[in-house]
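Report on the following structure.
In the numbering used here, the protein residues as written are 4 to 241.
Rendered as structure tokens:
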């Protein structure tokens with residue numbers, strides 16, 4: 004079972020899910036895999052409107068569609084996946100937001116795209132599994148950069164010394180941008196254990212940070228290429 008958002012579950016006409024190590028793309032979304040836009044995520048702020056299945060999008064980290072039957076998906080392994088839906092289910096969007104994207108304004112870019120012919124007050128958003136403030140330790144300079152560039156409470160940005168709370172930052176930004184409601188689905192990608200006794204894997208999510216630490220200790224440890232988890236959303240047909 005993938006992580007689900009109570010907010011998005013209440014929206015008619017859509018399906019969504021946040022992946023994990025057990026199911027990189029949630030099983031109920033697999034039938035739509037071939038419709039995923041072709042893209043390269045680059046920690047940028049470019050938003051693309053998707054008009055047809057498997058549309059080539061180039062370098063992009065945000066995707067928007069009003070077309071039924073097209074799965075929007077972003078790959079993450081510690082960065083934030085954020086899924087969006089109009090409250091009537093007539094339009095959906097997805098964003099990949101790491102620390103660079105949050106600083107550079109990808110959520111603001113998505114809000115601007117929505118506000119061209121709509122209003123964020125008609126939309127809800129869900130923040131998926133990502134590196135949490137329990138584990139996401141960074142250097143002093145990055146924390147200082149966030150505090151300097153973002154008009155947010157300092158304790159919200161960094162509730163612990165040299166730790167960032169990416170989800171709290173995103174939630175605050177989304178609220179300030181006028182989204183009707185925001186929730187969080189999933190937990191920390193670095194430390195959340197896998198509690199299913201039928202599986203031998205220790206952790207629930209793929210984590211770039213955790214994998215890097217392991218590879219530093221043991222260079223023979225495999226990387227995570229091809230094992231990032233998807234967050235996906237689609238306007239269902241039929």
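The beta carbon of each residue, even a glycine, is placed where N, CA and C say it ideally should be.
When 141, 93 and 86 are compared, the shortest CA-CA separation from residue 71 is found for 93. In the three-state scheme derived from DSSP, where H, G and I count as helix and E and B as strand, residue 139 is classed as coil. In its chain, beyond the 5 residues on either side, 155 and 159 have a beta carbon closer than 7 Å to the beta carbon of residue 175. With fewer than 16 other Cβ atoms inside 10 Å of its own Cβ, residue 54 counts as exposed.
Taking 8 Å as the upper bound for CB-CB distance, residue 20 and residue 7 are in contact here, some 6 Å apart. When rounded, the separation of the alpha-carbon atoms in residue 209 and residue 127 is 26 Å.
For the 9 Å CB-CB criterion, residue 169 and residue 111 do not form a contact. With respect to the 9 Å criterion, residue 194 and residue 163 are not classified as neighbours on the basis of their beta carbons.
Here residue 197 is near residue 24, since their CB atoms are less than 9 Å apart.
The Cβ atoms of residue 45 and residue 63 lie closer than 9 Å to each other. Judged by DSSP secondary structure, residue 7 falls outside any beta strand (DSSP E); it is assigned neither H nor E. Inside the stretch 92-129, DSSP marks whole beta strand (DSSP E) runs of 3 or more residues at positions 95-100, from first to last along the chain. Residue 167 has its alpha-carbon roughly 11 Å from the corresponding atom of residue 147. Between residue 13 and residue 30, the alpha-carbon positions lie close to 20 Å from each other. Here the stretch 119-138 makes contact with the stretch 75-90; the two share three or more CB pairs at distances below 8 Å. Residue 76 is positioned such that its CB atom lies closer than 9 Å to that of residue 40. DSSP assignment within the stretch 6-89 yields the following whole beta strand (DSSP E) runs of 3 residues or more, N-terminal first: 17-21, 41-43, 50-52, 59-62, 65-68, 75-79 and 83-89.
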